[in-house]
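Position 73 of the sequence shown, counted from 1, bears residue number 72 in numbering that gives the first Met the number 0, the numbering being contiguous throughout. What follows is a set of notes on a single structure, which appears directly below.
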Amino acid sequence: MLEQDIHLSHYYLISNRNTETGEFIPFELPVVMPTAFVCNCDEAASRLISQLSEKGIRVPEDISVTGFDNSIFSSITVPNITTFEVNTEKMSSVAVDALLSKIKTPAEPVGMIQVKDGIIYKDSVSSLNFK
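What follows is the structure, given as structure tokens:
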């Protein structure tokens with residue numbers, strides 16, 4: 000969304016964690032449901048799919064759900080969760096390089112560093128047909 004300069008309204012952000020304890024809490028689903036949810040991790044996506052299912056909402060037939068991190072939850076949830084692969088080894092390497100660079104030249108700004116990874120397509124999203 001940042002790359003496409005798409006504004007993100009806070010209306011679309013749904014908390015799934017207790018801010019004091021960090022524990023998962025049930026999603027407070029919006030009155031007007033979107034066509035898709037993008038979750039911050041696969042466990043959150045798994046919990047959301049369960050909550051939607053309890054309300055009779057089918058994934059991906061009614062709503063698409065994606066996760067992030069390609070954890071075990073993406074494979075054990077039905078339907079399997081389309082997710083975003085996180086290359087933690089590459090991220091760690093880039094972070095260490097950035098820290099070492101900052102130590103050598105403290106006045107030099109580091110800026111934003113992107114580590115490109117990819118989508119792992121599974122079963123929790125439906126196709127969009129644009130006419």
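Every residue, glycine too, gets a C-beta built ideally from N, C-alpha and C.
- Within the same chain, Phe-67, Asp-68, Asn-69, Asp-116 come within 8 Å of Val-85 by CB-CB distance, once the 5 residues on both sides are set aside.
- Around Glu-42, the same chain offers Phe-72 as residues with beta carbons nearer than 6 Å, after the five sequence neighbours per side are excluded.
- Only buried fits Val-124, as 16 or more other CB atoms lie within 10 angstroms of its CB.
- The continuous stretches of alpha helix (DSSP H) do not include Val-124, and DSSP gives it neither H nor E.
- In this structure, the straight-line span from the alpha carbon of Ser-8 to that of Gln-50 is close to 23 Å.
- Taking every protein chain shown into account, the CB of Phe-23 has fewer than 16 other CB atoms within 10 angstroms, so this residue is exposed.
- Rounded to whole angstroms, the separation of the alpha carbons of Gln-113 and Pro-33 is 28 Å.
- For Thr-20, there is no enclosing alpha helix (DSSP H), as DSSP gives it neither H nor E.
- Going by beta carbons, Leu-47 and Val-64 fall inside the 8 Å limit.
- Annotation note: the stretch 48 to 79 contains the following uninterrupted alpha helix (DSSP H) runs of length 4 or greater, listed N- to C-terminal: 72 to 75.
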